[in-house]
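Visitor: A single structure is presented below for examination.
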């Protein structure tokens, strides 16, 4: 066997959703090394505003009185995803989340609540339009994290705008923080920052360890039970994005800085098959003065127009569906970036976007960068943003006519529950009739790539022929997403990451040794 500088039962690479695997393995009595490539724990998960998980029928939802069933949830999930991913993988995800919440709630470190969030395909059979498949962690003070206090990534305003990090962890930061608080009480786990996994060590086709770069030096670490790769996607790697044809830009991703694809490349070198490598979790992105377009949602007005000055999408649709519409139209040439949000003066010139993820800065900075424009007439606004005046005027006139009825015959805005989630259940269509008129530049953003190593239902990484690679597991955005080319509901990315990390750890705990 290869010589090692250190040995553990389990190595986990990545501290976002992958931290669930480290916690599970340690709780099951295994010795664990958790390595995080960057200087802070949490990865992309820590950036999530809610930190939610899409786990139908879990104990939190049941206590709240849901009448949902797992069969109904599976019918919905499969109707959305189709046969793009294995049916057994989909069933493992849909049926497994409730058991994971039950497992976690046995530990007082974990507390969850319901945050109703409608499914993203509300017209598909068995969609849950009341939002009762979505669960979030309760906030937790940073001081509760013990030796890990002050080590959770984010929030985005801290990293991008220099804002002071709040003492109370919420959303994805709370989720990661609660795992760190739990790990602080387990003696058999070691957590390292600034420690990227750079290679896998194999012996006769099995993964038996990994090379970890720590303090600038490579360290060979043995893994008696296995290695879990859960270190995010490759959205920050412009070369890999180009190689696999991922639309958009690394500058516009919301993925964590450690999402560079190193684990993907290590897995591929070990013989892993891959899938969905041109896919990501998409969204429209408000463009900020630093030139980056950041994930934005919760639009209380406005319309999107293309370079012809015409509407092209349901602006209130779930963000991934909007992003995919943008990509399709970019590919056929009907949209170029930037596209524009056109709105009136109801909010004194500020775009009607209530969740920008990265906070807006001073309006004059957007105007100086040519990102926001104002004019007394729609014709003058059209000239400022470079679209045909007569087209923009006709577009707004048509939209206002539809808004008066509350029914969008052109793009179906307001036709599903999610569309109305931010307007109190009413139509989200608001007339554009209060001058002066405004336009804000938007681009294409993403929440990370979703292509990765193919796995089975135990999160074991497989060869092209479907046989597992002994000792190698994957989850999160390092794993080919169970949802395929769709985004069925809020909390799907984090939920899948947590569950398959958990299942990987349980599988390792059930093994006597790696064969």
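Numbering (my numbering), first residue to last: 199 to 713.
Where is the CB? At the ideal position from N, CA and C, for every residue including glycine.
All of these numbers come straight from a predicted model, not from anything done at the bench.
Let me check understanding here. Comparing Cα to Cα, which of 394, 561, 587 lies closest to residue 503?
Guide: 587
Visitor: Determine the closest residue to residue 350 out of 507, 239, 636, with distance taken between C-alpha atoms.
Guide: Sorting 507, 239, 636 by C-alpha distance to the C-alpha of residue 350 places 239 at the top.
Visitor: Which residues does DSSP list as the beta-bridge partners of residue 539?
Guide: 502, 638
Visitor: So residue 620 packs on residue 537, CB below 8 Å; how close in whole Å?
Guide: Incorrect: roughly 21 Å between the Cβ atoms, too far for contact.
Visitor: Whole angstroms are fine: how far does the CA of residue 216 sit from the CA of residue 381?
Guide: 13 Å
Visitor: Using a 10 Å radius around the Cβ and a threshold of 16 neighbouring Cβ atoms, would you call residue 311 buried or exposed?
Guide: exposed
Visitor: By a C-beta neighbour count over all protein chains shown, 10 Å radius and 16 as the cutoff for buried, is residue 437 buried or exposed?
Guide: exposed
Visitor: Determine the direct distance from the alpha carbon of residue 417 to that of residue 277, and round the result to whole angstroms.
Guide: 46 Å
Visitor: With three or more beta-carbon pairs closer than 8 Å as the criterion, would you say the segment 629-645 touches the segment 465-474?
Guide: Per the Cβ contact rule, the segment 629-645 is not in contact with the segment 465-474 (fewer than 3 Cβ pairs under 8 Å).
Visitor: Exposed or buried, what is residue 365 when buried is set at 16 or more other beta-carbons lying within 10 Å of its beta-carbon?
Guide: exposed
Visitor: Can you list the beta strand (DSSP E) stretches of 3 or more residues lying completely in the segment 331-373, in chain order?
Guide: 332-335
Visitor: Residue 551 to residue 430, Cα distance in whole Å?
Guide: 28 Å
Visitor: Are the segment 288-301 and the segment 339-357 in contact at 8 Å, needing three or more beta carbon pairs?
Guide: The segment 288-301 makes no contact with the segment 339-357: fewer than 3 CB pairs, one atom from each, lie closer than 8 Å.
Visitor: Count the other CB atoms within 10 Å of the CB of residue 713; is the residue buried (16 or more) or exposed (fewer)?
Guide: Because the pLDDT of residue 713 is 41, which lies under 50, any placement of that residue in the model is unreliable, and the question is left without a value.
Visitor: CB-CB under 6 Å to residue 247, same chain, minus the five flanking residues each way: which ones, in chain order?
Guide: Here the set comprises 369.
Visitor: Starting from the N-terminal side, write out each stretch of the beta strand (DSSP E) that is 3 residues or longer and does not extend beyond the segment 413-472.
Guide: Complete beta strand (DSSP E) runs here, min 3: 415-427.
Visitor: Pick helix, strand or coil for residue 627, following the three-state DSSP scheme.
Guide: coil
Visitor: Can you tell me whether residue 304 sits near the ligand NAD, meaning its C-beta is under 7 Å from at least one heavy atom of the ligand?
Guide: Within the structure as shown, the ligand NAD is missing, as the structure has no ligands at all.
Visitor: Using beta-carbon positions only, say whether residue 230 and residue 208 come within less than 8 Å of one another.
Guide: Result yes, Cβ atoms of residue 230 and residue 208 sit closer than 8 Å.
Visitor: In angstroms, rounded to a whole number, what distance separates the CA positions of residue 597 and residue 614?
Guide: So the two alpha carbons sit approximately 18 Å from each other.
Visitor: Does the distance from the C-beta atom of residue 395 to that of residue 211 stay below 8 Å?
Guide: yes
Visitor: Does the pairing of the segment 597-612 with the segment 626-634 give three or more beta-carbon distances under 8 Å?
Guide: Three or more beta-carbon pairs drawn from the segment 597-612 and the segment 626-634 are found closer than 8 Å, and the two stretches are therefore classed as touching.
Visitor: Which residue from 492, 403, 353 puts its Cα closest to that of residue 363?
Guide: 353
Visitor: With 16 as the cutoff for other CB atoms within 10 Å, does residue 529 come out buried or exposed?
Guide: exposed
Visitor: If you follow the beta strand (DSSP E) that residue 400 is in, where does it begin and where does it stop?
Guide: 395-401
Visitor: Run the CB neighbour count on residue 708, radius 10 Å, all protein chains shown included, and call it buried at 16 or more, exposed below.
Guide: Residue environment analysis places residue 708 among the exposed positions, since fewer than 16 neighbouring C-beta atoms fall within 10 angstroms of its C-beta.
Visitor: Should residue 678 and residue 646 be called a contact, given that it needs their Cβ atoms to be closer than 8 Å?
Guide: no
Visitor: By a C-beta neighbour count over all protein chains shown, 10 Å radius and 16 as the cutoff for buried, is residue 532 buried or exposed?
Guide: Looking at its Cβ environment, which holds fewer than 16 other Cβ atoms inside 10 Å, residue 532 is exposed.
Visitor: Can you tell me whether residue 557 is buried or exposed, with buried defined as 16 or more other CB within 10 angstroms of its CB?
Guide: Label assigned to residue 557: exposed.
Visitor: Could you tell me the alpha carbon to alpha carbon distance between residue 337 and residue 305, rounded to whole angstroms?
Guide: 16 Å
Visitor: Counting along the chain, where does the beta strand (DSSP E) carrying residue 571 start and finish?
Guide: 570-573
Visitor: Check each candidate in 420, 447, 636 and name the one with the smallest Cα separation from residue 410.
Guide: When only C-alpha atoms are compared, the closest one is 420.
Visitor: Just the C-alpha distance for residue 309 and residue 331, rounded to the nearest angstrom, thanks.
Guide: 16 Å
Visitor: Would you check if the distance between the CB atom of residue 373 and the CB atom of residue 225 is smaller than 8 Å?
Guide: no
Visitor: Secondary structure at residue 292, three-state DSSP: helix, strand or coil?
Guide: helix
Visitor: First and last residue of the alpha helix (DSSP H) that includes residue 321?
Guide: For residue 321, no alpha helix (DSSP H) segment is defined, and its DSSP state is neither H nor E.
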